[in-house]
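Per this note's numbering, residue 2 is the first one in the sequence shown, and the count goes up by one each step.
The structure under discussion appears below in the form of structure tokens.
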Amino acid sequence: MKARFLPLLLLPLASSLAFAATAGADETTTAQSPPAAENELTLEQVIAKNLEARGGREALKAVQSVRMTGTLRSPVGGFEGPLTVELKRPKKMHFELDIQGTKVINAYDGETGWYVMPMMTGSDAPQKMAEDQLKQAIDQADFDGPLVDWREKGLEVELLGKDELEGTPVYKIRVTDAAGDSRTLYLDAEYFLELREDSVLTAQGNEINVTTVLGDYKEVGDLMMAHSIEQHFNGNHVSTVTFEHIELNPEIPDEHFAMPAVEEKPVEDPDPTPEPQG
């Protein structure tokens, strides 16, 4: 399984962290371009090597579901809590984070995106996602990531050439979807694993530059997966996720991803008038 889906897992917290993140200046370390040179590899070759580095197409497609458990720590508010991320083909995603006893859920069942975020809504009742949230959820649920079968997904992919990321040679790839939204992937030029992704998200009407840094790659079955993820909003470090355990092909029922029915409470008469006695 590719680590591509990992950078977007923290986006359910974007609404609650957005204002704190946009308060500071953009201090994200930027990639420094070396002197211009011809690309050593073509786009197709870089993508093929990336897929091979992750374990290969056959191993990736053999995974039908995944469950990742770990801890999220955020300097914004100084909290940390356990989280569980579950994915299932085709395009199902369930993210659950416990913040001091309060559950935050972000899920997509292939048709409906929904969330539970009591600190924002004042209720633990599930809510349907807005259009921008739904777009992010659909992207999170892309099991293989954008570089796998990108033409079939209607994406535009461009190799921007070689660069350096904090001294490490990387290949830069720009991915643009049908809506015109783009992101930039940085692949290690030696090992071809993804080290970073730059993207833009919208939260509460604000555009936020998101930088996601992936690391601590370990073998999980036949795949190589990142176990550490840092996210920065507009240059400010907002969260770090450490995955302690990743399970491939766990049994997860489809109902787990579906939006629960919202119970309607009966309306009670606050001051019932007694019937007259005959």
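Even glycine gets a Cβ: it sits at the ideal position worked out from N, Cα and C.
All of these numbers come straight from a predicted model, not from anything done at the bench.
Check: Contacts around G206, its chain only, beta-carbon distance under 6 Å, and the 5 residues preceding and following it disregarded; Outcome: none
Check: Limits of the alpha helix (DSSP H) - the one that N250 falls within; Outcome: Taken as a continuous stretch (DSSP letters only), N250 belongs to no alpha helix (DSSP H), as it is neither H nor E.
Check: Per-residue burial, S124 [other beta carbons within 10 Å of its own, 16 or more giving buried]; Outcome: exposed
Check: Chain-order list of residues whose beta-carbon lies under 7 Å from that of M192 (same chain, five-residue window excluded); Outcome: One point to set straight first is that residue 192 is Tyr, not Met, in the sequence displayed. Within the same chain, Y192 has close Cβ partners A54.
Check: Reduced DSSP category for V67 - H, G, I as helix; E, B as strand; rest coil; Outcome: strand
Check: Spatial distance of T203 from I209 (CA atoms); Outcome: 6 Å
Check: First and last residue of the uninterrupted beta strand (DSSP E) at K163; Outcome: 157-166
Check: Helix, strand or coil at N51 according to DSSP, with G and I counted as helix; Outcome: helix
Check: N-terminal and C-terminal residue of the alpha helix (DSSP H) that K136 is part of; Outcome: 132-141
Check: Buried or exposed (CB count within 10 angstroms, at least 16 for buried), P261; Outcome: exposed
Check: M94, DSSP secondary structure in three states; Outcome: strand
Check: Outcome for D110 when other beta-carbon atoms lying within 10 angstroms are tallied against a minimum of 16; Outcome: buried
Check: One or two residues paired with D189 in a DSSP bridge; Outcome: V171
Check: Residue environment, K173, which counts as buried when at least 16 other CB atoms sit within 10 Å; Outcome: buried
Check: C-beta contact flag for L224 and R197 at 8 Å; Outcome: no
Check: Residue burial classification, A131 (beta-carbon count within 10 angstroms, cutoff 16); Outcome: exposed
Check: Backbone CA spacing between A190 and L166 [nearest angstrom]; Outcome: 10 Å
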